[in-house]
Every structure is written in C-alpha cells, then in structure tokens.
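Here the protein sequences come in this chain order: F and S. Each residue of the first sequence is one higher than the one before, counting from 44 in this note's numbering. Each residue of the second sequence is one higher than the one before, counting from 44 in this note's numbering. Below is one structure, written out as structure tokens; the observations come after it.
There are 2 protein chains.
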Amino acid sequence: MSDFFEVALRQRACRDFSDEPVPDDDIERILEVSTHAPSAENAQPWIFVVVRDDDTRTALADLTRRVWNAGARDSALTRLEPKLAADVDGGVERGLGGAPVVIVVAADMQSGVHPRAVASSIFPAVQNLLLAAGALGYGSALTTLTAAFGDELRAIVDLPEHITPMAVIPLGRPARPLGPPRRRPVSEATHRDRYGREW
Amino acid sequence: MSDFFEVALRQRACRDFSDEPVPDDDIERILEVSTHAPSAENAQPWIFVVVRDDDTRTALADLTRRVWNAGARDSALTRLEPKLAADVDGGVERGLGGAPVVIVVAADMQSGVHPRAVASSIFPAVQNLLLAAGALGYGSALTTLTAAFGDELRAIVDLPEHITPMAVIPLGRPARPLGPPRRRPVSEATHRDRYGREW
C-alpha cells in the first residue's frame, strides 16, 4: 500500500503489536521520510533513538504505565469514548502495546532552531514517520505523555541536557487489522475568508 | 503524482506561486487528508480559515512583511544559506509568495485538548495538509512567524479568543518547478538504543 491518499486516510493509532521483527532497512526508510519533513530555517533539529533493547523498552513502558496510572488515566477516562479508553488502557498495560521497536523522537536545542519553532519543526517529521510506517504496513502511535516527564525519559535513553524529548512512538506489525479512523467532517472545522463564515 | 514515498521525499517549501486558481474541491480533498492526522485523545482541535479574499490575503501578507522586516529578517539572514535567505525574502516581499489561497490553521482550545498537547495535535495535521497539496501538484509552505503575533493574526481572520492561530500556509501552483529538498543523512540524527550509540 503506497498510494498517498490511501496511506494518509487510513492512518490510525495501533496499540497492540505482534512480535514480528522490524528490519533495520525498514526503519531507515521510515526515518528517511521523517527527515524530509519541513523545519524552521531547515534546521532539521530531530534526533531519533531507535530502541530494540529489552531493558530499555521495558523502562520506557514502565515510565508510561507509571505516568498513566498516576493521574493521566483517570483524567482521560472522563473524556474518552469507552472503546477508545479501553484500547489506550490495554496498550499501556501491555507496555507500549508490546511493540518490538520504540522510537524516541527528540529536538536538538543546539541546532539553531528558535525555541518557539521547536514543535513546528518536530511534529511534521513525527507525522511523516507515522505515515511512512503505515505505507510499509507497520502500526505505530504518537504518544507524548512521557515527554512531559522529560528528565526521566531523558535518563532512560541517555539524552544530554540540550536534547529535549518530544514523542515516544511504538512501532511494529499490528496484532490485528486496524479499523478506519473516525473523524468529524471537514466542513465543521473549515471557514471561508473569516472565522464564522460558512465554508 | 500520488505514490506516498515520492510525495513525501519531494516535499519542499514553495515561495513563488502562479495565480492559477485552486478549486474548492481540491481544498476539500487537502483538508480531508489534514483532518485524518492523529490528535491527542482524538480531540481534533484543528480549525481552518481558507482565505481567497484579496483584502484578507493582503492583510496577512502585510503582517508577515512587517514582522519579517522588524527583526526576523536580520536574525534569519545571519543563519540561513544565502540562496535560501533570498528565496524566503523574495517570498515575503511578494506577499506570501503571491499565493491565490492562504490557509490559517488554528487550535480550538475548547476542544478538550490539553494545552501541552496542542502542538502535537496540530502540526501532524499541518504536515498532512502540506503533503496532500504536493500530491495534487500544489506548492505550499509552513510559516509560523505571524502566529507569534497571535492577536494581530486573530484580528485579521476574526478568530475568537479561544481559537489560537498556529500556522499560516500559502497554497497554489508553483510559479516554477521546485528542486529537491536538501537533508542531512539519517545516520547523523539516529542512535541505537541509547543516545550516542551508532545507528
């Protein structure tokens, strides 16, 4: 599957992975796409730590579970649809969905990127990563919960002080086919010329 | 052109547009892809204001030019390669590159999205928008310079207080073919298991 529209319109978070391995070549292809995203002044501030090592993956999964159970879970469950909530909860309990690879995406603050432009220079690359994974038949999910606990996350993958973790992405073959994403219609979010004028 | 990898690997900012019109159908298709990006808790906080109106486009271009000339230009020129600097400067002077359509992407802060998850819930959608534009043969560019002047930008497109502008994206047919993007190799940004271990 590599038609652009098919890849983009079918993207959905995967929270349950098989243990089928992910070859380095596929990861390189995914990261090549990721690094072709735009960044402010083409600073390319992205850093990727590709984690396969069991202990490190377990530490990342444990941190996620701890943050989730310490408050994020209760807060999320008040808002999420029950099916989505159960899906997220199950993925956290399995340990980042049991993914064979976890990619920590971080920003190099010494790359020259303006602090205000960090997010707009990292999340397009993250989205490219997720899309490229889907194009190759992999599942993935964008998680940012543990990035708020930057020091703990940083310690797990040895990131120095000037490298700020932004996202943690489990990656692998989905344990079962993913359903279609559910979205509101474009017209509900779109305005013509000025806010409030119907599209 | 709609092979996923071709679309993603060829993405490049366009700063000079022809005045060929962009039909509503193409904009809808682009925004359909944009709204299929992931967002925290599927909150879908994105708001799009699609600006064709001459006065509003001129106001957006004027604000960009003013911010650019008030300091951003001098600061950027110390860092950018001369060719990229001239390209950006020319685009700003032409008024958002003379694009026939300008899309303001904003975040609805009443959508339930956690303030810390706004950027990670908006820039993936922005990236989908840029990629979908490319897949349909349009040029575009991600600009965030004026988003820092939120109140002025908000006033131009009538955004209420709870809608935060995040990006301004000129869209149209490129005035001339875009060259390939220039990127550092994946291996320079990638680490294995822990930061500092060669990929």
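Backbone N, C-alpha and C fix where the C-beta goes; we use that ideal spot for every residue, glycine too.
- Going by the CB atoms, is the gap between G155/F and R197/S shorter than 8 Å? The residue given as residue 197/S occupies position 154 in the second sequence. The residue given as residue 155/F occupies position 112 in the first sequence. It is not a contact, given that the beta carbons lie outside the stated cut-off.
- Query: What is the residue span of the beta strand (DSSP E) that P208/S lies within?
  - Reply: By one-based count along the second sequence, residue 208/S stands at place 165. Taken as a continuous stretch (DSSP letters only), the beta strand (DSSP E) holding P208/S covers I206 to G215.
- Task: Under the assumption that V94/F contacts V147/F (Cβ atoms under 8 Å), give the Cβ distance between them as a whole number of angstroms.
- Result: In the first sequence, the residue the question calls residue 94/F occupies position 51. In the first sequence, the residue the question calls residue 147/F occupies position 104. The pair is a contact, with the Cβ atoms about 7 Å apart (cut-off 8 Å).
- Query: Is there a Cβ from chain S that is less than 8 Å from the Cβ of S61/F?
  - Reply: Working through the first sequence from its first residue, we reach residue 61/F at position 18. No, because no Cβ of chain S sits closer than 8 Å to the Cβ of S61/F.
- Message: Tell me the residue span of the alpha helix (DSSP H) that contains D151/F.
- Response: On the first sequence, position 108 is the one that residue 151/F refers to. Segment V144 to D151 is the beta strand (DSSP E) holding D151/F; no alpha helix (DSSP H) there.
- Query: At a Cβ cut of 8 Å, what residues of the region 185-206 of chain S count as close to chain F, listed as they run along the chain?
  - Reply: L185, T187, A191, V200, D201, L202, P203 and I206
- Message: Can you tell me which residues form a DSSP beta bridge with G114/S?
- Response: Numbered from its first residue, the second sequence carries residue 114/S at position 71. Beta-bridge pairing links G114/S to no other residue.
- Item | Beta-carbon proximity of V76/F to F48/S, cut-off 8 Å | For the purposes of this step, residue 76/F is taken as the residue at position 33 of the first sequence. For the purposes of this step, residue 48/S is taken as the residue at position 5 of the second sequence. Contact: yes.
- Message: Going by beta-carbon coordinates alone, are G140/S and F60/S separated by less than 8 Å?
- Response: As a first step, residue 140/S must be located in the second sequence, where it is residue number 97. As a first step, residue 60/S must be located in the second sequence, where it is residue number 17. Cβ atoms of G140/S and F60/S: closer than 8 Å.
- Task: Closer than 8 Å, Cβ to Cβ, to anything on chain F: give me those residues from the region 93-118 of chain S, in chain order.
- Result: V93, V94, R95, D96 and T99
- Message: When you compare the CB of E84/S with every CB in chain F, is at least one pair closer than 8 Å?
- Response: In the second sequence, residue 84/S corresponds to position 41, counting from 1. For E84/S, the answer is yes, since a Cβ of chain F falls inside 8 Å of its Cβ.
- Item | G215/F versus D46/F, I199/F, I73/F and V50/F, residue with shortest Cα-Cα distance | What you label residue 215/F is simply residue 172 of the first sequence in a count that begins at 1. When each option's Cα is compared against that of G215/F, the closest is I73/F.
- Task: Look up I90/S in the DSSP assignment and give the residues it is bridged to.
- Result: Indexing the second sequence from 1 puts residue 90/S at position 47. In the DSSP output, where bridge partners are listed per residue, I90/S has A149/S.
- Message: When you compare the CB of T233/S with every CB in chain F, is at least one pair closer than 8 Å?
- Response: The sequence position of residue 233/S within the second sequence is 190, counting from 1. It does; some Cβ of chain F falls within 8 Å.
- Query: By a C-beta neighbour count over all protein chains shown, 10 Å radius and 16 as the cutoff for buried, is A80/S buried or exposed?
  - Reply: Numbered from 1 along the second sequence, position 37 holds the residue referred to as residue 80/S. With 16 or more other Cβ atoms within 10 Å, it is buried.
- Task: Express the C-alpha separation of D67/F and H234/S in angstroms, rounding to a whole number.
- Result: Position 191 of the second sequence, counted from the first residue, corresponds to residue 234/S. Position 24 of the first sequence, counted from the first residue, corresponds to residue 67/F. So the two alpha carbons sit approximately 12 Å from each other.
- Message: So with CB distances below 9 Å, who are the chain F contacts of Q153/S?
- Response: Against the second sequence, residue 153/S aligns to sequence position 110. Ordered by position in chain F, no residue passes the 9 Å Cβ test against Q153/S, which lies about 13 Å from the chain.
- Within its chain, find whatever has a CB closer than 6 Å to the CB of T186/F; leave out the 5 residues flanking it on each side and keep chain order. Here residue 186/F refers to the residue found at position 143 of the first sequence. So the list reads V211, once near-sequence residues are dropped.
- Compare the Cα-Cα distances from R58/F to each of D97/F, I70/F and A128/F and report the closest residue. For this step, residue 58/F is matched to residue 15 along the first sequence. The shortest C-alpha separation from R58/F is found at A128/F.
- Message: Our contact map puts P88/F next to S164/F with C-beta atoms below 8 Å; I'd like the distance itself, whole angstroms only.
- Response: As a working mapping, residue 88/F is identified with position 45 in the first sequence. As a working mapping, residue 164/F is identified with position 121 in the first sequence. Indeed they touch by this definition, with Cβ atoms about 5 Å apart.
- Task: Please determine, among Q153/S, D98/S, D46/S and P223/S, the residue with the shortest C-alpha to C-alpha distance to V144/S.
- Result: Here the question's residue 144/S lines up with position 101 in the second sequence. Here the closest residue by C-alpha is D98/S.
- 7 Å Cβ shell around H157/S - same chain, five flanking residues per side excluded: Numbered from its first residue, the second sequence carries residue 157/S at position 114. Contacts found: A83.
- Give the straight-line distance between the Cα atoms of L172/F and A142/S, rounded to the nearest whole angstrom. By 1-based counting over the first sequence, the position of residue 172/F is 129. By 1-based counting over the second sequence, the position of residue 142/S is 99. If I take the Cα positions, the gap works out to 29 Å.
- Leaving out five residues before and five after G177/F in sequence, what residues of the same chain have Cβ atoms less than 8 Å from its Cβ? Position 134 of the first sequence, counting from 1, holds the residue named residue 177/F. M44, V50, R53, Q54 and S183.
- Message: Run through the DSSP bridge pairs and tell me what D132/F is partnered with.
- Response: Along the first sequence, one-based indexing puts residue 132/F at 89. Paired residue(s): none; D132/F is not in a bridge.
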